[in-house]
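Numbering (the numbering used here), first residue to last: 884 to 1193. Inspection log for the structure reproduced underneath, given as structure tokens.
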Amino acid sequence: MGQRSRIEWTEATWNPIVGCSIVSPGCTHCYAMRMAARIEAMARAGRLDDEGDVVRGAKRLAHYDGLTKTVKKKAVWTGKVALAPEHILLKPLRRRKPTMWFVNSMSDLFHEDLPDEWIDRVFAVMALCPQHTFQVLTKRSKRMRDYLTTVAHEPHRNTVRRFAGAFSTLRTPLPKDFNVPLPNVWLGVSAERQQEADERIPDLLATPAAVRFVSAEPLLGALDLTPWLTGVLDWVIVGGESGPGARPMHPDWVRSIRDQCVSAGVAFFFKQWGAPLNGHGDPSQVGAAGRLLDDREWNEMPRPTAEAGP
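What follows is the structure, encoded as structure tokens:
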């Protein structure tokens, strides 16, 4: 099944689709671009599986071919997207233990070049795994909104049923009263700056969801989330950028968001400081103290509620 995810706010990653493209400043130093390039290179040598574990046979990861290119000595998305082989698509069906899955850490489920049919397959698997929780994070909020406000209608509903029926030998068939939103699917948008928050959060709020969350990682500026917090958003994640070329995050930006969440009673999760900001506060490098904010860790998680409509 692969190792536990290194992402602090989830338990495992599931990548039924891989590949992406840059759409906003938060994508500039995306870890997934670097990871995809590494997996592509190593898979050609037959050394890694879809979570970086050592295996034999490069054919298992042939779908990573061509996802990145090298520009100025850096891995950059080519814009190609690919559907993973069926054994990866069905991965959650093989795990009975309730698990929190981050969906498509190596892509965006609502990428503009993905056929609806591919998204249907992913939702079919999620519908067949009520024991799991699935976290879907996107920068394509408009497509998420459009898809999930029509998926309960034709033709998407029948498409989801068709794929679910094909998988019914592995798990309980999809209930006849299947509806969106699925209670085990959390939907979130990335918001690295106020501009992205203003553009994407309204789409999220108009999308049927059991849990709605915002990921401000990498946080590139101050954010005012107060218009959307009370009774609307369930969870906010904040993190600084790490890795080559990382842009620093000011401590005051983080404290402001934390205070907004505390005041509104919204779960707040602080993931990491990332790059240091010399001369402005003292955020620690990622490491033993890299997740402390004012001498404590913030690991709050949302509590799903019955209200899931837009």
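Quick reminder that beta carbons are idealized off the backbone N, C-alpha and C, glycines included.
Around the beta carbon of residue 1083, 16 or more other beta carbons lie within 10 angstroms, which makes this residue buried. With a contact defined as Cβ atoms closer than 8 angstroms, residue 1070 and residue 1097 miss out at about 10 angstroms. DSSP places residue 1073 inside the beta strand (DSSP E), whose first and last residues are 1068 to 1073.
Annotated three-state conformation of residue 1031 is helix, per DSSP.
For residue 891, the closest of 998, 1151 and 1089 by C-alpha to C-alpha distance is 1151. For residue 918, the enclosing alpha helix (DSSP H) stretches over residues 914 to 927. DSSP places residue 890 in the coil class of the three-state scheme, outside both helix and strand. In the three-state scheme derived from DSSP, where H, G and I count as helix and E and B as strand, residue 1098 is classed as strand. The stretch 985 to 1000 makes no contact with the stretch 951 to 959: fewer than 3 CB pairs, one atom from each, lie closer than 8 angstroms. Under the DSSP assignment, residue 1008 falls in the alpha helix (DSSP H) whose first and last residues are 999 to 1010. Per DSSP, residue 1080 is one residue of the alpha helix (DSSP H) stretching across 1077 to 1088. Runs of the alpha helix (DSSP H) lying entirely within the stretch 931 to 990, each at least 4 residues long, are 969 to 972 in chain order.
Residue state for residue 901 is assigned as strand, using DSSP reduced to three classes. Using a Cβ-Cβ distance cut-off of 8 angstroms, the stretch 892 to 912 and the stretch 1110 to 1127 are in contact, since at least three pairs of beta carbons, one from each stretch, lie closer than that value.
Per DSSP, residue 1112 is not a residue of any beta strand (DSSP E); the alpha helix (DSSP H) it occupies stretches across 1109 to 1112. Residue 943 sits away from residue 924, with the two beta carbons spaced by 9 angstroms or more. For residue 1147, the enclosing alpha helix (DSSP H) stretches over residues 1134 to 1147. Between residue 900 and residue 1001 a beta carbon distance of about 6 angstroms is seen, short of the 8 angstroms cut, so the two are scored as contacting.
When the five nearest sequence neighbours on each side are left out, the beta carbons in the same chain lying within less than 6 angstroms of the beta carbon of residue 1066 are those of 1093, in order along the chain. With respect to the 9 angstroms criterion, residue 1113 and residue 1148 are classified as neighbours on the basis of their beta carbons. Looking at 1174, 1089, 1078 and 1012, the one whose alpha-carbon comes closest to that of residue 1104 is 1078. When only Cα atoms are considered, residue 1004 and residue 996 end up about 15 angstroms apart. Residue pairing by DSSP places residue 1156 opposite no residue, since no beta bridge is assigned to it.
Straight across, the Cα-Cα distance linking residue 967 with residue 898 is about 7 angstroms. Under DSSP, residue 1151 shares a beta bridge with 1119. Distance between residue 945 and residue 919, taken at the CA atoms: about 12 angstroms.
Here residue 1075 is buried. Its C-beta has 16 or more other C-beta atoms within 10 Å.
Shown here, residue 1179 sits in a strand according to DSSP, grouped into three states.
In terms of Cα proximity to residue 1095, the closest of 1018, 949, 908 and 972 is 1018. Separation of residue 916 and residue 988 (C-alpha to C-alpha, rounded to the nearest whole angstrom) is 10 angstroms. For residue 1020, the uninterrupted beta strand (DSSP E) segment begins and ends at 1016 to 1021.
Sequence-distant Cβ neighbours of residue 1140 in its own chain, meaning closer than 6 angstroms and more than five residues away, are 1106 and 1121. The distance from the Cβ of residue 965 to that of residue 909 is about 22 angstroms, inconsistent with a contact at the 8 angstroms cut-off.
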